[in-house]
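Okay, so here's the structure we're looking at.
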Amino acid sequence: MALLLASALACSAALAQAAAPAQPTVIWLSSYFAPVNVPVEGKPGDGIADRITEYVVAHWPQAQHQFVRANPTRIWHMLGQEATMCDTAALRTPEREKLAYFRDVFFSPPPQLIIRPEALDRVRLNEQGQVDPVELMNNPDLRGVIVKRRAYGPAVDRVLRQPGGRLNVEQLASPNYGAGTLKMVLLGRADYLIEYDITLAYAITQDAALARLKVLPLKGAENFVVTGFACPRTPWGLATIRRIDAILSTPEAAALIVNTELGALTSASVARYGAQIRESVRRASVVDAERFR
6 MALLLASALA CSAALAQAAA PAQPTVIWLS SYFAPVNVPV EGKPGDGIAD RITEYVVAHW
66 PQAQHQFVRA NPTRIWHMLG QEATMCDTAA LRTPEREKLA YFRDVFFSPP PQLIIRPEAL
126 DRVRLNEQGQ VDPVELMNNP DLRGVIVKRR AYGPAVDRVL RQPGGRLNVE QLASPNYGAG
186 TLKMVLLGRA DYLIEYDITL AYAITQDAAL ARLKVLPLKG AENFVVTGFA CPRTPWGLAT
246 IRRIDAILST PEAAALIVNT ELGALTSASV ARYGAQIRES VRRASVVDAE RFR
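Quick note, the sequence shown lines up with residues 6 to 298 if you use this note's numbering.
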């Protein structure tokens, strides 16, 4: 009798386990882009987006989480194929919104011109001390470098999309958002690149010689660049982005996001943009299912 009861209980447990819904699997995509993503052995490291990804994972124990490192071109190909994957640090653009749902996380100062000092006399500044990206990238006396398929914000992306243009800009295919391009400019293999203050500040901590490079603002690039999670524009992607939003829409998560970003900016950028960043994160932390359409 005891043997029959044990057998029945074992059978019942097996049936219950089989009937239980499988844990959802979420694959998190990232590229090496210090200090935003700094994956270690494919898993989140000490980048600012890595820390937010770890927070989401820790607050979603019901799912199975996998991590994949891929270059930006590969990431957006997979999202366009409607895979069950999400980018952890996607720059939001109108073109990408056709492929994915976004949950905004970081509101960053715009990309700027980073130029070697020997080339400064070949750029013209307007009355606001800005460089016009149209003039810059059409200047035959300057050699620029950018990364293919990377978004640089509307002011720069519009120039790159101009049909029939002959821009004097080398476009590189890079698996890591162009981590080596700062060194190219320092060594004179290019005159300039378009990059973020946060990236140069981090790079200088790794190589003090990069402090020689000069930074100038770009005309038309005054607005924040918005990055965050991006999931494919499918029912699965919509459900996943809403879950991410629910996890991040708490005072604790908002404080983590603000402290993480401000801690990675230069003191000058914190003084200039800190209040705007705090307010932008606060607005993003208000739960609103209607914004995911």
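Backbone N, C-alpha and C fix where the C-beta goes; we use that ideal spot for every residue, glycine too.
DSSP places SER285 inside the alpha helix (DSSP H), whose first and last residues are 272 to 289.
If you draw a straight line from the Cα of PHE112 to the Cα of GLN28, it is about 32 angstroms long.
Excluding five sequence positions before and after GLY149, the CB atoms of its chain that fall closer than 8 angstroms to its own CB belong to LEU141, MET142, LEU172, ASN173, VAL174, GLU175, ALA195, ASP196, TYR197, LEU198 and ILE199, given in chain order.
By the neighbour-count definition (other C-beta atoms within 10 Å, threshold 16), ASN131 is an exposed residue. For PRO237, the enclosing beta strand (DSSP E) has its first and last residue at 230 to 237. For LEU177, the enclosing beta strand (DSSP E) stretches over residues 174 to 177. Following the DSSP letters along the chain, one finds ASP250 inside the alpha helix (DSSP H) bounded by residues 240 to 253.
In the three-state reduction of the DSSP assignment, THR98 falls in the coil class. Under the three-state reduction of DSSP output, HIS82 falls in the helix class. For GLN69, DSSP records a beta bridge to THR30. At a Cβ-Cβ threshold of 8 angstroms, GLN86 and THR30 do not count as neighbours. The alpha-carbon separation between ASN42 and GLN135 amounts to approximately 29 angstroms. The C-alpha of PHE107 lies about 13 angstroms from the C-alpha of LEU253. Per DSSP, reduced to three states, the secondary structure at TYR201 is coil, with no helix or strand assignment. With a cutoff of 8 angstroms on beta-carbon distance, VAL139 and VAL110 are scored as not near each other.
For LEU125 and LYS224, the gap between their C-alpha atoms comes out near 16 angstroms.
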